[in-house]
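In the working numbering, the protein residues as written are 293 to 583.
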């Protein structure tokens with residue numbers, strides 16, 4: 293059995309190479325009529341047999357049209373491909389998830405980039421247009437592309453919003469790269485902001501209201517001080533968050549200022565901080581009956 297399988301694999305490999313270099317061109321149509329679908333699917337991983345012509349795959353992979361990519365949805369014995377940010381991956385080993393009847397079958401055979409972060413899995417949402425996405429969403433797409441590169445096989449690009457028919461990145465893809473660079477910078481700034489003003493602990497329950505409080509590990513930020521809960525309006529953001537604000541020592545912006553030159557209240561004088569209505573200014577815990 294093993295010897296027979298090896299023989300078939302060798303034959304298919306040889307035929308694929310001969311086919312790719314054009315030695316079988318005069319007999320192409322006749323040969324392809326007798327090649328089983330599962331063998332065609334195997335050959336298509338290495339050469340383009342659409343329209344009965346073939347090119348050896350370059351290191352950048354095959355260029356798919358949207359119609360060609362649509363054929364790879366796992367129907368019958370066909371492979372299962374999907375695209376994210378215009379990059380096509382062979383997800384056949386995950387057929388139970390991406391093939392017919394799988395929980396993620398709607399991603400197969402297309403570039404549904406936007407849906408990976410929007411959660412809109414309708415036809416209107418499974419598109420490659422990412423206009424208007426937030427920086428958080430842009431980072432989310434980067435996480436997805438890293439996931440597919442790590443766990444699946446890259447096979448090429450699909451012509452659309454991110455790549456043209458020559459496989460060259462479009463202005464839309466370059467804009468994505470710019471946004472990703474901005475998102476990464478924002479991530480670093482946000483991490484630094486969280487270290488300076490750690491998020492509060494929070495709990496809420498129907499009928500009991502909401503509580504915000506600080507500890508020396510609130511927000512997952514280990515430190516040697518506790519701080520007081522404040523409504524923090526970070527510049528450049530549209531909504532405030534609860535921050536634990538250091539209430540002793542010099543301001544964090546000028547940590548080395550002599551003690552005679554500061555009030556020893558940490559960052560409590562920061563103009564972006566406000567005491568929560570109904571909360572004692574010196575309390576480490578604030579309770580609200582707002583629902």
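Just so you know, even glycine gets a beta-carbon here, dropped at the ideal spot from N, CA and C. This structure is a prediction, so every number in the text was calculated from the model and none was measured.
By Cβ distance, which residues of its chain are closer than 6 Å to residue i, with the 5 residues on each side in sequence left out?
i, result
"residue 523", "532, 566, 568"
"residue 558", "538, 539, 540, 541"
"residue 319", "Bear in mind that a pLDDT of 45 at residue 319, under 50, signals an unreliable position, so the number given afterwards is only what the model happens to contain. If we look at residue 319 and ignore the five residues flanking it on each side, it has no Cβ neighbours."
"residue 362", "401"
"residue 491", "511"
"residue 521", "492, 504, 506, 534, 578"
"residue 570", "none"
"residue 387", "366, 372"
"residue 436", "376, 408"
"residue 457", "451"
"residue 443", "none"
Return the residue from the list the options that minimises the CA-CA distance to residue i.
i, options, result
"residue 440", "511, 513, 373", "373"
"residue 576", "537, 551, 550, 422", "537"
"residue 446", "554, 353, 578, 426", "353"
"residue 393", "412, 365, 376", "365"
"residue 452", "482, 545, 358", "358"
"residue 450", "465, 509, 438, 442", "465"
"residue 562", "574, 526, 551, 570", "526"
"residue 425", "367, 397, 472", "472"
"residue 482", "428, 548, 571", "428"
"residue 519", "443, 371, 573", "573"
"residue 642", "413, 552, 468", "It is not possible to answer for residue 642, since the shown part of the chain is limited to 293 through 583."
"residue 530", "416, 564, 370", "564"
"residue 484", "545, 444, 470", "545"
Return the Cβ separation of residue i and residue j in integer angstroms, given the expectation that the two are a contact with Cβ distance under 8 Å.
i, j, result
"residue 581", "residue 501", "4 Å"
"residue 489", "residue 378", "That pair is no contact at about 39 Å."
"residue 418", "residue 404", "4 Å"
"residue 355", "residue 499", "Actually they do not touch by this definition, with Cβ atoms about 60 Å apart."
Within its chain, find whatever has a CB closer than 8 Å to the CB of residue i; leave out the 5 residues flanking it on each side and keep chain order.
i, result
"residue 486", "511, 513"
"residue 555", "561"
"residue 543", "549, 554, 558, 559, 561, 562"
"residue 398", "404, 407, 413, 418"
I want to see whether chain B comes within less than 8 Å of residue i, judged by CB atoms only; does it?
i, result
"residue 459", "You won't find chain B in this structure, because it holds only one protein chain."
Please go through the same chain and pick out, in chain order, the residues whose beta-carbon is closer than 7 Å to the beta-carbon of residue i, but skip the five residues on each side of it.
i, result
"residue 495", "503"
"residue 421", "406, 453"
"residue 375", "361, 402, 403, 450"
"residue 389", "395, 396"
"residue 470", "none"
Inset, instruction - Could you tell me whether the segment 497-514 touches the segment 455-470, using the rule of 3 or more Cβ pairs below 8 Å? - result: Under the 8 Å Cβ criterion, the segment 497-514 does not count as touching the segment 455-470, having fewer than three qualifying pairs.
Inset, instruction - Say whether the segment 428-443 touches the segment 394-408, bearing in mind that this needs 3 or more beta-carbon pairs closer than 8 Å, one atom from each stretch. - result: Proximity of the segment 428-443 to the segment 394-408 meets the contact definition, three or more beta-carbon pairs being nearer than 8 Å.
Legend entry - Stretch-stretch touch, CB-based, cutoff 8 Å, three pairs: the segment 372-390 with the segment 478-489: No: the two stretches stay apart, fewer than three of their Cβ pairs being nearer than 8 Å.
Inset, instruction - Only counting runs of 4 or more residues, tell me where the alpha helix (DSSP H) segments fall wholly within the segment 413-457, in order along the chain. - result: As summarised for the segment 413-457, the continuous alpha helix (DSSP H) elements at least 4 residues long and confined to that stretch are 427-443, given in chain order.
Legend entry - beta strand (DSSP E) segments (min. 3 residues) lying fully within the segment 477-509: Runs of the beta strand (DSSP E) inside the segment 477-509: 493-497, 501-505.
Inset, instruction - Please list the segments of the alpha helix (DSSP H) lying wholly inside the segment 373-404, counting only runs of 4 or more residues, in order along the chain. - result: If we require 4 residues or more, the alpha helix (DSSP H) runs fully inside the segment 373-404 come out as 387-390.
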